[in-house]
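Here is the structure we will look at, set down as structure tokens.
Numbering (this note's numbering), first residue to last: 93 to 605.
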């Protein structure tokens, strides 16, 4: 099934049901389908065609969801861009992707106007959401207003002959490992990934999914797609900046599912007075992006006793790979689990040979959810995708190092490039971070390798203390010596108020090294 056909199916079955909730706005499935059709006609009237790329620079809002499905409806590929992006990054993405249209909002005018002015892209249409009737700036015929101009669009609204092997989206990686790369995902890639996650989470039509994650990135985006796919209700939060407001909405909307990341859950657990809210409808919370420590898991379960926690691992190039069944959370809390339905994975050594259980190596993934490749980047594509078991098939080399126990449960070790080679020994930053994070008074940490004349590389830790905590470098180092081999303990500890992160919340370790 094509991604937009799932919306059309939900609109036929459940026309009067609430599809989206965003601040004070409530949109039914019939209304959502109508808005999608209107924007699709406007894009077609402006010359956007099958195979084109449409950039979406918007806050988390109803218009972003409409933009995704309207783009798919006309056979084009949507390209979500974080609303936090600066003009230089936007200009790069527009030029690199060859986007023909940009859907954006009035409040970001300074960013997109500057980007369009400096970009060598072929953007011929800039659709701006906001109050109807505002005039475009003189001399720029690219700018149109929506929904005002959409009401006058005279395109026939013909749907092209899209198939599930066609490009649905280009999602640029966050750049935590260098210049952003455009991950090409087909309808089949995204549908397969969504259906597998729906299967193991048990997402239902009667669910209410609250998303405070950026919809411009894979984790939040796929939860929106999954919600619409099953005909559930999506509650869109602009951000998690004010956690108490998110909790208030969680209670008032009777939210049943909440996807998050460790920093969000840490803030949630620090909230005072959360017990006054009725959160008994919440049945599932999911975590991805980074692991939660065992103390963090215990705190979260104490705060949300009715909810079941799913720990998961994935990456933009294939959305999701593994999940830890909730009944294993107490048995192996630091594991990311086993493979999700309809995919295969294995570990390989540095020569590409498969490894048995009980080994450590790079994770390789096979399945219909594996990306098509990196946009206009054959060299990086060749590094990530290699021939699979079947003729013409490719498998994904994730660049992530894992270890498996004898039963095949996976444990994340590090990015391949992040492994610290210290005096002939290999140190996993994640292992050291887990040890540091277990020290009372630590909110979060990041570990990197720094040049050392004797060891080659030495371990350096960056620590963010919890509010009111008083920690010293000696406290951290002594704690690590107590829980780790001596060569894994950091030689230096730096205390920070916050760790530098990408728009999607990943720690920018390159800026720490």
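Yeah, the Cβ is synthetic: ideal placement off N, Cα and C, and Gly gets one too.
Starting from residue i, trace the alpha helix (DSSP H) both ways and give me its first and last residue.
i, result
"residue 475", "470-476"
"residue 233", "Residue 233 -> no alpha helix (DSSP H), and no H or E assigned at all."
"residue 208", "201-210"
"residue 355", "354-362"
"residue 179", "179-189"
"residue 461", "Note, residue 461: premise wrong, no alpha helix (DSSP H); not H, not E."
"residue 437", "Per DSSP, residue 437 belongs to no alpha helix (DSSP H); it is in the beta strand (DSSP E), 436-440."
"residue 290", "279-293"
"residue 316", "310-322"
"residue 526", "521-529"
"residue 413", "Run containing residue 413: none; DSSP gives neither H nor E here."
"residue 396", "No alpha helix (DSSP H) contains residue 396, which DSSP labels as neither H nor E."
"residue 160", "154-165"
Between residue i and residue j, how many whole angstroms is the CB-CB distance? I'm expecting something under 8 Å.
i, j, result
"residue 493", "residue 549", "At roughly 16 Å, the Cβ-Cβ gap does not stay under 8 Å, so residue 493 and residue 549 are not in contact."
"residue 294", "residue 597", "Incorrect: roughly 26 Å between the Cβ atoms, too far for contact."
"residue 96", "residue 161", "5 Å"
"residue 150", "residue 169", "About 16 Å separates the two Cβ atoms, so there is no contact after all."
"residue 580", "residue 555", "Not quite, the Cβ-Cβ distance comes to about 16 Å (not below 8 Å), so this is no contact."
"residue 125", "residue 100", "6 Å"
"residue 280", "residue 256", "4 Å"
"residue 538", "residue 604", "6 Å"
"residue 42", "residue 446", "The requested residue 42 does not occur in the structure, where the chain is confined to residues 93 to 605."
"residue 304", "residue 338", "5 Å"
"residue 145", "residue 189", "5 Å"
"residue 152", "residue 306", "7 Å"
"residue 387", "residue 530", "6 Å"
"residue 261", "residue 171", "7 Å"
"residue 532", "residue 553", "That belief does not hold up - the Cβ atoms of residue 532 and residue 553 are roughly 16 Å apart, past 8 Å."
"residue 121", "residue 111", "4 Å"
Between the beta-carbon of residue i and the beta-carbon of residue j, is there less than 9 Å?
i, j, result
"residue 192", "residue 133", "no"
"residue 384", "residue 418", "no"
"residue 333", "residue 302", "no"
"residue 300", "residue 324", "yes"
"residue 438", "residue 274", "no"
"residue 421", "residue 389", "yes"
"residue 283", "residue 432", "no"
"residue 207", "residue 183", "yes"
"residue 139", "residue 217", "yes"
"residue 407", "residue 490", "yes"
"residue 416", "residue 392", "no"
"residue 128", "residue 158", "yes"
Of the residues the options, which one's Cα is nearest the Cα of residue i?
i, options, result
"residue 606", "313, 148 and 98", "The first residue shown for the chain is 93 and the last is 605, placing residue 606 beyond what the model contains."
"residue 600", "439, 271, 403 and 239", "271"
"residue 404", "394, 351 and 371", "351"
"residue 313", "481, 167, 264 and 470", "264"
"residue 535", "423, 107, 568 and 146", "568"
"residue 349", "361, 359 and 298", "298"
"residue 286", "316, 112 and 304", "316"
"residue 374", "401, 479 and 93", "401"
"residue 331", "308, 322 and 563", "308"
"residue 209", "221, 199, 222 and 235", "235"
"residue 131", "166, 594, 212 and 112", "166"
"residue 496", "440, 320, 510 and 469", "440"
"residue 203", "177, 184, 478 and 508", "177"
"residue 343", "449, 473, 369 and 577", "369"
"residue 258", "181, 187, 159 and 163", "163"
"residue 540", "523, 532, 546 and 533", "523"
"residue 328", "115, 520 and 104", "115"
"residue 213", "180, 528, 472 and 423", "180"
"residue 508", "456, 586 and 577", "456"
"residue 565", "471, 587 and 322", "587"
"residue 371", "595, 341 and 379", "341"
"residue 326", "109, 444, 478 and 473", "109"
What residue does the beta strand (DSSP E) around residue i start on, and which one ends it?
i, result
"residue 134", "No beta strand (DSSP E) contains residue 134, which is instead part of the alpha helix (DSSP H) from 121-137."
"residue 263", "259-264"
"residue 489", "486-496"
"residue 543", "534-544"
"residue 89", "Residue 89 is absent from the structure shown; the chain starts at 93 and stops at 605."
"residue 404", "400-405"
"residue 549", "548-557"
"residue 172", "169-173"
"residue 380", "Looking at the DSSP string, residue 380 is not in any beta strand (DSSP E), and its letter there is neither H nor E."
"residue 114", "110-114"
Is there a Cβ from chain C that is less than 9 Å from the Cβ of residue i?
i, result
"residue 479", "Protein chains in the displayed structure number just one, and chain C is not present."
CB of residue i to nearest heavy atom of the ligand ZN: below 8 Å?
i, result
"residue 481", "Within the structure as shown, the ligand ZN is missing, as the structure has no ligands at all."
Mind the definition here: the stretch 484-491 touches the stretch 454-468 only if three or more C-beta pairs lie below 8 Å; say whether that holds. yes
Three or more C-beta pairs closer than 8 Å, one from the stretch 494-507 and one from the stretch 424-438: is that the case here? yes
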